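Counted from 1, the sequence shown has number 431 at position 68 by the numbering used here; the numbering is strictly sequential. Just so you know, even glycine gets a beta-carbon here, dropped at the ideal spot from N, CA and C. Nothing here was measured: the structure is a model prediction, and the numbers come from that model.
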Amino acid sequence: MIIKPGDFNDAQIRELLRQHLQGMAETSPPGHSFALDLSGLQRPDVTFLSVWDGETLLAIGAIKELAADHGELKSMRTRKDNLRRGAATAMLNALLNLARERGYRRISLETGSGEAFEPALALYRKHGFKSGDAFADYVGSEFNQFLHLDLA
364 MIIKPGDFND AQIRELLRQH LQGMAETSPP GHSFALDLSG LQRPDVTFLS VWDGETLLAI
424 GAIKELAADH GELKSMRTRK DNLRRGAATA MLNALLNLAR ERGYRRISLE TGSGEAFEPA
484 LALYRKHGFK SGDAFADYVG SEFNQFLHLD LA
């Protein structure tokens, strides 16, 4: 597996982003999905990465800088035909390493609630994330939850 910056002109990346946004819309009520679209991922405070096996895209993910010491995981998605093969773990490790390099003391994420989100939650918890309070501009509801990992 190779991890590299995501190229937004790549058809595979654009398709996986489309699937990600569609999946979030299908599993969250209107107004409760906070997934970044293409323009949101291209902001200067967001670093977008991709995981590849040769010419095949396996997964995507991003980290958004909230403050000099705090980052947020965004847009973690693995292709359905590549689930449980280590791509999500590789992406998460790459993003956490990037956070450490930047000197972040904390990484947070917002995700949905319900069965569809359980595999992702299991991955985050396996890597030390703990449930916690809303952060940044998020407001907690029955449809979302917040996890945090202290790096320092």
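query, result
"If you reduce the DSSP assignment to three classes, tell me which class Leu429 lands in.", "strand"
"For the alpha helix (DSSP H) holding Arg465, just list the boundary residues, first then last.", "450-465"
"Please report the straight-line C-alpha distance between Ile470 and Asp444, rounded to a whole angstrom.", "28 Å"
"Find out if the Cβ-Cβ distance for the pair Phe509, Asp500 is shorter than 8 Å.", "no"
"Mapping DSSP to helix, strand and coil, what is Asn372?", "coil"
"Buried or exposed: where does Gly434 fall if 16 or more other Cβ atoms within 10 Å of its Cβ makes it buried?", "buried"
"By DSSP, does His490 sit in helix, in strand, or in coil?", "coil"
"Would you mind stating whether Leu412 and Ala430 have Cβ atoms separated by less than 8 Å?", "no"
"Bridge partners for His511 per DSSP, in chain order?", "Ser471, Lys493"
"On the DSSP letters alone, give me the boundaries of the beta strand (DSSP E) that Ser518 sits inside.", "Given a span of 364 to 515 for the chain in the structure shown, any question on residue 518 remains unanswerable."
"In the structure shown, what three-state DSSP assignment does Ala485 receive?", "helix"
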